[in-house]
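Visitor: If you scroll down you'll find the structure; I have some questions about it.
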Amino acid sequence: MFGNFIFFIVALLVYTTYQPSEQTNFAPLDTLIYFFSLILIFFIFSRRQFTRIAHRSATHRHDVLDQQFSSALTRQSVLAIALFAVDIYGLNLSSFFTGIWLFEAIPTFQALVFMALFVGYLAMVWSNAHVAYRHIYGTGLTRQAYVASNIAFSVPVLLPWLLLSGIADLILALPFDLPRELLRSPEGETAYFLFFLFAVAVIGPLIIQKFWRCRPLEAGYHRQRIEALCRRAELKYADIMYWPIFGGRMITAGVMGLVSRFRYILVTEALLHILSTEEVDAVIAHEIGHVKKHHLLFYLFFFIGYMVIAYATFDLIVYLIIFSEPIYRFVFMTGISRTTVTTGLLSLAIIFNFLVYFRFIFGYFMRNFERQADASVYALFASASPLISTFEKIVAASGHSPDKPNWHHFSIGQRVDFLNRCEADRTWVRRHDRKVRVSIAIYVAAMVVVGVAGYQLNFGQTGKQLNEKFFETAVLNEISRSGGGNAALYGMLGDLYLGRSSFSQAVTAYRAALDLDPHSAIVLNNYAWLLATCEDPAYRNAEQALELARKAAAIEPSPYILDTLAESLYVNGRIAEAVDAATSALAQAKTNRAYYHGQLEKFQAARDNPIIE
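Residue numbers (our numbering): 15 to 627.
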């Protein structure tokens with residue numbers, strides 16, 4: 015089940031890391047045909063996979079079927095992510111939402127639409143999987159309940175992002191400059207993120223238990239036993255609640271909440287009805303162990319750790335992409351925009367980074383925290399035998415192999431083996447506690463090193479020098495290999511020099527590019543922008559800027575080129591024409607409209623309030 019969390023987060027990364035282009039990749043009708051055709055193919059393929067597994071239920075061993083079902087479920091979920099990525103990157107569906115006021119004012123609404131689309135893909139997988147699930151595990155859970163339980167369990171992982179993004183959108187939409195300026199600054203953005211991350215971590219359980227439709231455990235024997243055990247462990251909580259996941263048929267329990275006011279102990283009906291009193295006590299002792307060992311707080315810091323790693327490695331990933339010769343050759347051979355290629359590869363790298371971190375680092379701590387919680391039973395009871403028998407009942411009821419691997423839990427067989435060792439020798443408990451402490455210390459030290467390196471790469475002189483060195487070396491090497499006959503390479507070099515204010519080198523590079531290709535709209539545009547706006551007056555040439563901008567606009571009248579034309583007209587004193595060009599740029603712009611609107615306002619202000627010399 016926890017694998018679904020990963021799928022949802024990866025889908026969110028696919029969406030949020032994409033930079034939409036100004037134009038759609040296909041005509042609207044073609045896009046619609048491709049969209050529904052791909053969904054149909056995906057649905058048919060998924061249904062056939064699970065139908066075949068269901069037909070094998072009478073002839074194959076249960077453990078084989080269990081493994082095949084789990085593998086098929088994972089593969090189909092990954093295919094759902096791939097289909098979602100095709101929708102975003104291939105069909106560029108987000109471009110069809112541009113110009114809609116609601117989605118531009120509150121971009122989180124558009125993101126919700128796309129995440130709902132991904133939920134729909136996974137719902138198809140779960141719906142198709144139900145027939146095999148029912149045959150293999152002999153459950154009476156209906157298809158609707160099975161799909162709804164998977165959705166209900168997984169969707170809350172999006173809650174932090176939803177609140178962070180949604181509230182930020184509202185702040186930016188309000189007519190107050192100070193909050194917007196604070197939120198757009200690096201320091202304000204970081205403070206905002208940390209504040210709401212902790213706020214969501216604290217009050218999130220209150221929202222999640224309502225989303226799951228948990229209800230309080232009624233007064234009676236079971237509640238009295240759990241309450242007595244919590245008092246004995248000095249554990250404070252808000253409530254003890256039924257957990258209706260998968261109809262309450264799973265033998266499981268949980269605890270969530272960093273603070274007692276919003277801490278909930280969750281139990282399923284199956285746990286209370288199938289397990290003995292001692293076994294229920296052992297399970298609750300396990301959950302108490304999570305709280306006493308501060309695992310929930312550590313999970314929060316491990317998530318922040320991922321943000322530190324992502325922040326620190328972002329520039330390195332960009333450098334590697336920029337410096338990669340095969341990427342440049344691919345860009346030049348296919349003619350695909352280097353921005354599109356770089357953005358797509360960057361998204362893949364970020365997703366890979368996320369998967370490696372959560373699979374190996376976060377997963378390592380989750381497995382060892384679970385083992386530590388298992389051993390915490392000894393803090394309340396003399397023996398872990400009831401917990402061992404609980405594991406045996408879970409194996410029998412679920413039909414899963416006790417040796418089935420799991421990225422976030424040791425297998426049940428491994429957990430039982432560990433508890434048996436602890437039964438014979440209690441020093442195993444102390445050994446594992448020491449292992450966890452040492453692991454956390456190593457992790458914290460590594461995060462400090464990574465954080466310092468990330469700061470240097472992003473804000474220090476080291477990062478600036480690396481950036482310039484990697485990019486310039488890559489382009490110069492490719493110019494050398496191509497014999498100096500590629501205008502696009504000189505255009506890239508000019509952009510690099512312009513970005514670091516090396517104006518003389520930028521002018522030389524742009525002129526070399528135009529000598530090779532006088533009709534390159536992007537080079538004409540960027541050179542015109544330099545001549546029109548250069549901070550060094552020695553390199554300004556308003557008349558030449560206008561000439562180049564007009565040529566670029568005649569070749570490709572896209573918003574950013576019309577904006578350069580407007581700026582060139584403006585510096586030549588042709589204010590009315592600048593307003594007209596800026597109006598056209600804003601009308602065509604599908605992204606970054608706030609910038610184009612600001613440009614138009616600047617030109618209108620110059621027209622309405624002319625400076626009289």
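By construction, the Cβ of each residue, glycine as well, lies at the ideal position given by its N, Cα and C atoms.
Nothing here was measured: the structure is a model prediction, and the numbers come from that model.
Count the other CB atoms, across all protein chains shown, that sit within 10 Å of the CB of Leu-243; report buried if there are 16 or more and exposed otherwise.
Guide: buried
Visitor: Cα separation between Phe-19 and Leu-87?
Guide: 14 Å
Visitor: Should Ala-599 and Tyr-610 be called a contact, given that it needs their Cβ atoms to be closer than 7 Å?
Guide: yes
Visitor: Would you say Met-461 touches the ligand MG, meaning its beta carbon is less than 6 Å from a heavy atom?
Guide: Annotation note on the ligand MG: not contained in the displayed structure, which lists no ligands.
Visitor: Could you tell me the distance, in whole angstroms, from the CA atom of Ala-25 to the CA atom of Pro-121?
Guide: 17 Å
Visitor: Hey, quick one: how far does the alpha helix (DSSP H) through Gly-508 stretch, first residue to last?
Guide: 501 to 513
Visitor: What runs of the alpha helix (DSSP H), each 4 residues or longer, lie entirely inside the stretch 547 to 617?
Guide: 556 to 569, 573 to 585 and 589 to 602
Visitor: Looking only at DSSP bridge pairs, what is Asp-253 linked to?
Guide: Answer is Tyr-278.
Visitor: In the DSSP assignment, the beta strand (DSSP E) including Ala-267 goes from what residue to what residue?
Guide: 267 to 270
Visitor: Going by the beta-carbon positions, is the gap between Arg-579 and Ala-567 smaller than 7 Å?
Guide: For the sequence presented, residue 579 should be read as Leu rather than Arg. Yes, the pair counts as a contact, with Cβ atoms nearer than the cut-off.
Visitor: Determine the burial state of Pro-532: buried for a count of at least 16 other Cβ atoms within 10 Å of its Cβ, exposed for fewer.
Guide: exposed
Visitor: When DSSP labels each residue in this structure, what does Pro-42 get in the three-state scheme?
Guide: helix
Visitor: In the DSSP output, which residue or residues are listed as bridge partners for Arg-229?
Guide: DSSP lists Tyr-256 as partners of Arg-229.
Visitor: Looking at C-alpha atoms only, which residue of Ala-455, Ile-53 and Pro-219 is the closest neighbour of Ala-137?
Guide: Ile-53
Visitor: What's the C-alpha gap between Ser-415 and Asp-77?
Guide: 6 Å
Visitor: Spatial neighbours of Trp-175 within its chain, please: C-beta separation below 7 Å, excluding the five flanking residues on both sides.
Guide: Taking Trp-175 as the centre and dropping the five residues before and after it, the same chain places the C-beta of Leu-26 closer than 7 Å to its C-beta, in chain order.
Visitor: If you count every other CB in all the chains shown that lies within 10 Å of the CB of Tyr-147, and 16 or more means buried, which is it?
Guide: buried
Visitor: Rank Val-294, Glu-301, Ile-288 and Arg-246 by C-alpha distance to the C-alpha of Gly-271 and give the top, closest one.
Guide: Glu-301
Visitor: Are Ile-259 and Phe-167 touching if we call contact CB-CB under 7 Å?
Guide: Cβ atoms of Ile-259 and Phe-167: closer than 7 Å.
Visitor: Measuring CA to CA, which of Gly-587, Lys-604, Leu-576 and Asn-586 is closest to Gln-613?
Guide: Leu-576
Visitor: On a CA-only basis, which of Thr-112, His-304, Thr-404 and Ile-23 is nearest Arg-607? Give me that one, please.
Guide: Thr-112
Visitor: Just reading off the alpha helix (DSSP H) that Leu-243 is part of, what are its end residues?
Guide: 235 to 247
Visitor: Would a C-beta distance cut-off of 7 Å place Arg-451 and Phe-424 closer than the cut-off?
Guide: no
Visitor: Starting from the Cα of Leu-105, find the closest Cα among Phe-209, Gly-234, Val-521 and Tyr-32 and give me that residue.
Guide: The residue with the shortest Cα to Cα distance from Leu-105 is Tyr-32.
Visitor: Between Ile-279 and Tyr-256, is the Cβ-Cβ spacing less than 7 Å?
Guide: It is not a contact, given that the beta carbons lie outside the stated cut-off.
Visitor: Give me the Cβ distance between Leu-394 and Leu-433, rounded to the nearest whole Å; I'm assuming they're in contact under 8 Å.
Guide: That belief does not hold up - the Cβ atoms of Leu-394 and Leu-433 are roughly 14 Å apart, past 8 Å.
Visitor: Can you tell me whether Val-92 is buried or exposed, with buried defined as 16 or more other CB within 10 angstroms of its CB?
Guide: exposed
Visitor: So for Lys-418, helix, strand or coil by DSSP?
Guide: coil
Visitor: Tell me the rounded alpha-carbon separation between Pro-551 and Leu-544.
Guide: 11 Å
Visitor: Leaving out five residues on either side along the sequence, give the residues of the same chain with a beta carbon under 7 Å from the beta carbon of Glu-627.
Guide: Because Glu-627 sits at a pLDDT of 49, beneath the cut-off of 50, its placement in the model cannot be relied upon, and the following sentence gives the value as read from the coordinates. Contacts found: none.
Visitor: I'd like the list of long-range same chain contacts for Ile-102, defined as Cβ closer than 8 Å, with 5 residues on each side in sequence excluded.
Guide: Val-28, Tyr-29, Tyr-32, Ser-108 and Phe-128
Visitor: Over what stretch of residues does the alpha helix (DSSP H) that includes Lys-306 continue unbroken?
Guide: From DSSP, the alpha helix (DSSP H) with Lys-306 extends over 291 to 306.
Visitor: Which residue's Cα is closest to the Cα of Leu-126: Gly-180, Gly-413 and Thr-605?
Guide: Considering only alpha carbons, the answer is Gly-180.
Visitor: List, from N- to C-terminal side, the alpha helix (DSSP H) runs of 4 residues or more that fit wholly inside the stretch 61 to 97.
Guide: none
Visitor: Rounding to the nearest angstrom, what Cα-Cα distance links Ser-199 and Ser-361 in this structure?
Guide: 23 Å
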